[in-house]
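Residue numbers (our numbering): 65 to 942.
A virtual CB, placed ideally from N, CA and C, is assigned to each residue, including glycine.
Here the structure is a predicted model, which is why all the values come from computation and not from measurement.
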């Protein structure tokens, strides 16, 4: 089986099983995809909608149809030339009693055969937790929960097994805490929490368990095991241990050896203790397994990509044995390319006035990090402090540093840390680690006002030395591991799940993989990044939509068009802000307005407000779901841990005003009219973005359903069911003349996007050389609109692919999407491309329409001719 040419990500769950995926094999094969890229297939908690809460790595999830269904999918895929890639979860499992490993740990404590499989601190400094696991599962404080009967003992039907029932969830009871020969019913009466004596005896029995039941709010302060981010339902796995690695990967390695899977996507690589060592082990294991694949399924090497968020100016560690990332970096770059840089100051000035907060975004991010360290990750922070204090007392030169001093300086250092983590393994740090630590040290020194030679400056230098990874000391390595597994959740929760919900000059730049101070990207910088990817990771995924995105790719593309008219946009938005009920802050109202404008369905007319009230009410309900999540993630006026009912009600009433009040409906109609006028420009941006994803160096990844317009919001909205019947029907229609697919109706319903994807993937299949191995040469435009054309020539052994996209001109090109292609084409008058002079001039044809294109003898190609019917093009030769 060849390497992936193009992938399609499918979200599997009980409502969309492996057999349901099998039913769509023909559709995806006809579309041009080469591999289906599956969300986790291993057994997850019952009812899981995402699969990341794994309870058994050795079994294909029965809720998905089990291994027989996976084999049916693989067989059907092979018959149509499709392979399978699976998402794996080596970092964590569900901390749930249905997880047999976890249940055994709860039953036997440190003596469990699985106790070393999980990242648990059995030597907690808290006496009550030594040798125990904290279980923060109680809805109220421990004593109150006992009094209210939340915790009860239970015997199974035949009286052979005693369990603890906590709000309907069953936990094991240690055998040593059970009296021999006890009569079950009498024993249960003796421990009845409804009676004071029974409650006392129940408490005494609970104290003899290998876990300590606790109020869910205690987790941030007391947790003694590594969580996934701050989710206490997911426990960290020590996959760096050989036995754990083997147990976690046995199934997927067998499936790879059998040719069922062709590659893997590794979830949350930054959560692992040693990502580089892990990838080496996984690559070796895949290579060994691959030696057993049947000849027709042999691969030169397995496909292996990692979920990794790269900061600006950060590159993937060159030591890693991987094909690259899953594409968040490209999603950010493609989005930034479509944002006009001159709008940034205007939009940010408006936002600062709206919030009365002049702090630059980096300072606001530091504040969000401080909050996370103080209120969300105090247990993890204090564990790292204790590790460093332990190091300090072992050396006469550092023993005077107290825990308090270390905590204060370390917190400032962590708050200033600029990337997800360092990768200090294999004989210490690399140059990138040194660079990022230096930035953190400088930032911490500034926030602490630590002048050179001061005590704080000395301690900062010492922390940097302790955590540089050079020492092989067991204690130093333990501290390093705590540090490197704390900064990834800190980075993600502070930026993606806090700042991006409270900072909103333009929400299209608040996306996974983006930076708060990375508003736009020049064509030169974008091309340099693409060329670098071609050199280092030509098989990395290219994504513009994922299961994790904050808003759909076409919402972002529409909002990007606002940067071409910022003053006009802000004038309209200001009026709407003032017209909305004043319950939510002006900033929250502005973010709501951006969402309404960005997500208004393009097929809806303005009178949708009156014409189809039920559909409108359903859509507003989705907006409300986003709004509640956004407000709670922002943590300014309400939060998940401390909801503010009054503020949340005011936000809900704002949405109700738009559909239940006559003036509100009139206001919504005005917003909808603006969105309708903006929609064609957004489609123009989307068209260019789609072309770039499917032609530039890398493997294009299509998130399920987004081959039509993607106006989804943050999960779970972006995981709604996909209408495959509609997509298959539209694809059948699109197989003919592209002119039909370029009508205004085809643009509105997204058929033009699907047709573009189909033709681009077909071109990659028929002429793979330039896309797989071709170089990446910038082609410059000349003429009045030269700055608005991005052109790249990819060449390989006489085959050529000329990629042309428009940027920062969606408004004047909106006619392409609204039955005025002649008017849009006029924009390109007197603007040409000049093809490189090295080598023979290729004879080009338009891969989308089949038209032959005439290139002048001097290599000049008129853009008005190339972009006759659409805002982007792929021209091929060879």
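From what residue to what residue does the alpha helix (DSSP H) around residue i run?
| i | result |
| --- | --- |
| residue 709 | 709-724 |
| residue 215 | No alpha helix (DSSP H) contains residue 215, which is instead part of the beta strand (DSSP E) from 215-219. |
| residue 477 | 467-479 |
| residue 694 | 677-698 |
| residue 947 | What the structure shows of the chain is the stretch from 65 to 942, and residue 947 is not part of that stretch, so it cannot be assessed. |
| residue 329 | Taken as a continuous stretch (DSSP letters only), residue 329 belongs to no alpha helix (DSSP H), being part of the beta strand (DSSP E) at 327-330. |
| residue 401 | 392-401 |
Using the rule of at least 16 other Cβ atoms within 10 Å of the residue's Cβ for burial, across every protein chain shown, is residue i buried or exposed?
| i | result |
| --- | --- |
| residue 468 | exposed |
| residue 707 | exposed |
| residue 503 | exposed |
| residue 530 | buried |
| residue 750 | buried |
| residue 208 | exposed |
| residue 109 | buried |
| residue 482 | buried |
| residue 834 | buried |
| residue 704 | exposed |
| residue 160 | buried |
| residue 59 | With the chain running from 65 to 942 in the structure shown, residue 59 is simply not present. |
| residue 253 | exposed |
| residue 350 | buried |
| residue 323 | buried |
| residue 709 | exposed |
Assuming residue i is part of the beta strand (DSSP E), what are its boundary residues?
| i | result |
| --- | --- |
| residue 147 | 147-152 |
| residue 235 | 233-236 |
| residue 228 | 226-230 |
| residue 519 | Not the beta strand (DSSP E): residue 519 falls in the alpha helix (DSSP H), residues 519-530. |
| residue 629 | From DSSP, residue 629 is part of no beta strand (DSSP E); its letter is neither H nor E. |
| residue 157 | 156-158 |
| residue 300 | 295-300 |
| residue 369 | 367-370 |
| residue 122 | 118-124 |
Going by the DSSP bridge assignment, what does residue i pair with across the sheet?
| i | result |
| --- | --- |
| residue 941 | 864 |
| residue 489 | Its beta-bridge partners do not exist; DSSP assigns none. |
| residue 896 | 846 and 926 |
| residue 102 | 74 and 150 |
| residue 275 | 197 |
| residue 764 | 606 |
| residue 909 | 916 and 940 |
| residue 202 | 279 |
| residue 388 | 369 |
For residue i, I'd like the list of residues in its chain whose CB is within less than 7 Å of its CB, leaving aside the five on either flank, ordered along the chain.
| i | result |
| --- | --- |
| residue 314 | 122 |
| residue 174 | 186 and 195 |
| residue 822 | 95, 96, 795 and 798 |
| residue 686 | 777 and 781 |
| residue 697 | 561, 562 and 565 |
| residue 775 | 616, 618, 619, 663 and 665 |
| residue 386 | 343, 368, 369 and 370 |
| residue 144 | 89, 90 and 93 |
Return the chain-ordered list of same chain residues with a C-beta closer than 6 Å to the C-beta of residue i, the five sequence neighbours on each side being excluded.
| i | result |
| --- | --- |
| residue 68 | 98, 99, 367 and 763 |
| residue 410 | 630 |
| residue 615 | 777 |
| residue 922 | none |
| residue 534 | 492 |
| residue 804 | Note on residue 804: pLDDT 48, under 50, position unreliable in the model; the coordinate value appears next. Answer for residue 804: no residue qualifies. |
| residue 287 | 198 and 443 |
Report back the beta-carbon spacing between residue i and residue j to the nearest angstrom; my notes put them in contact at under 8 Å.
| i | j | result |
| --- | --- | --- |
| residue 279 | residue 200 | 7 Å |
| residue 297 | residue 158 | 6 Å |
| residue 226 | residue 202 | So it is not a contact: roughly 19 Å between Cβ atoms. |
| residue 388 | residue 380 | 7 Å |
| residue 433 | residue 544 | Actually they do not touch by this definition, with Cβ atoms about 20 Å apart. |
| residue 910 | residue 937 | 6 Å |
| residue 148 | residue 325 | 5 Å |
Enumerate in chain order the residues of its own chain whose CB-to-CB distance from residue i is below 8 Å, with the five nearest sequence positions on each side excluded.
| i | result |
| --- | --- |
| residue 841 | 856, 857, 858, 859 and 900 |
| residue 876 | 888 and 891 |
| residue 304 | 336, 337, 338, 341 and 342 |
| residue 215 | 202, 209, 228, 229, 230, 257, 266, 270 and 277 |
With a cut-off of 8 Å, does the C-beta of residue i fall near any C-beta of chain D?
| i | result |
| --- | --- |
| residue 525 | Although the question refers to chain D, the structure presented lacks it and comprises just one protein chain. |
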